[in-house]
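Using my numbering, you'd call the opening residue of the sequence shown number 1 and step up by one each time. Here a beta-carbon is modelled for each residue, glycine too, at the ideal position from N, C-alpha and C. Being a predicted model, the structure only gives us computed values, none of them experimental. Step one of this worksheet: look at the structure below.
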Amino acid sequence: MQTTLMVVVVAVVLVVEVVVVVVVVVVVVVVAVAVVVTAAAVVYSSSSSSSSSSSSRSSSNSSSSSSSIVVVVVVVVVVVVVVVVEVVVVVVVAVVVVKVVVVEVVVVLFVATLLLLLLLLLLLLLLLLLLLLLLLLLFLLILDIVKKLHVLLLFV
Numbered sequence: 001m002q003t004t005l006m007v008v009v010v011a012v013v014l015v016v017e018v019v020v021v022v023v024v025v026v027v028v029v030v031v032a033v034a035v036v037v038t039a040a041a042v043v044y045s046s047s048s049s050s051s052s053s054s055s056s057r058s059s060s061n062s063s064s065s066s067s068s069i070v071v072v073v074v075v076v077v078v079v080v081v082v083v084v085v086e087v088v089v090v091v092v093v094a095v096v097v098v099k100v101v102v103v104e105v106v107v108v109l110f111v112a113t114l115l116l117l118l119l120l121l122l123l124l125l126l127l128l129l130l131l132l133l134l135l136l137l138l139f140l141l142i143l144d145i146v147k148k149l150h151v152l153l154l155f156v
């Protein structure tokens, strides 16, 4: 009876893990799209600002680069929250897997371990995307500083 109950619990945990993996994949795709959209916005704002006059250029550059930076910061915060949730899920799954070891359900343990490794791999992917977003944010900040220096040099 206890073994059957444990197998049912592990099956439910495995279903939850699969749902979490699907959610993580969707989040990774959304973050990748956000990075591409932000980069496109920066390129568009820099190309459109080169055709405008120098006085209106400084105000439009600062507002467009500020909005791009806000978008990147929001995406970074969302990714950090998702990574924290993933760590909690991985810890909970590890505790369940340890309980399964006590019951010695070898097949379920193997599948749970594989899914746990998949979750850890996706966590690593999210961390790499976070690093990419932080590098993009650094690039946007440097681009903003260079634009402001360029405007200052035009008035000197």
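Option in Val20, Phe110, Leu117 with minimal Cα separation from Ser82: According to the sequence as given, residue 82 is Val; it is not Ser. The shortest C-alpha separation from Val82 is found at Val20.
query = Within 7 angstroms: the Cβ of Ala112 and any heavy atom of the ligand SAH?
reply = With respect to the ligand SAH, the structure offers nothing, as it holds no ligand at all.
Roughly how many angstroms lie between the CA atoms of Leu138 and Leu131, to the nearest whole one?
-> Computed Cα separation, rounded: 10 angstroms.
- Is Val156 helix, strand or coil when you go by DSSP? When DSSP states are grouped into helix, strand and coil, Val156 belongs to the coil group.
**Request:** Return the chain-ordered list of same chain residues with a C-beta closer than 6 angstroms to the C-beta of Leu122, the five sequence neighbours on each side being excluded.
**Result:** Closer than 6 angstroms at the Cβ level, and outside the excluded window around Leu122, lie Val24.
Could you compute how far the alpha carbon of Val163 sits from the alpha carbon of Leu114? There is simply no residue 163 to check, as the chain begins at 1 and stops at 156 in what is shown.
Out of Ala11, Leu124, Leu5, state which residue places its alpha-carbon closest to the alpha-carbon of Phe196.
There is no way to answer for residue 196, as the model of the chain reaches only from 1 to 156.
(Q) Report the CB separation of Thr38 from Leu136 in whole angstroms; it is logged as a contact under 8 angstroms. (A) 7 angstroms
Check: Taking Val74 as the reference, which of Leu143, Val85, Leu133, Val88 has the closest Cα?
Finding: Leu133
Per-residue burial, Val89 [other beta carbons within 10 Å of its own, 16 or more giving buried]
buried
* Asked: By how many angstroms is the C-alpha of Leu120 removed from the C-alpha of Ala112?
  -> 12 angstroms
Quiz item: Expressed to the nearest angstrom, what Euclidean distance is found between the alpha-carbon atoms of Ala34 and Val27?
Solution: 10 angstroms
Roughly how far, in whole angstroms, is the beta-carbon of Leu129 from the beta-carbon of Val30, given that I think they are within contact range, below 8 angstroms? Actually they are not in contact, since the Cβ atoms of Leu129 and Val30 sit about 10 angstroms apart, beyond 8 angstroms.
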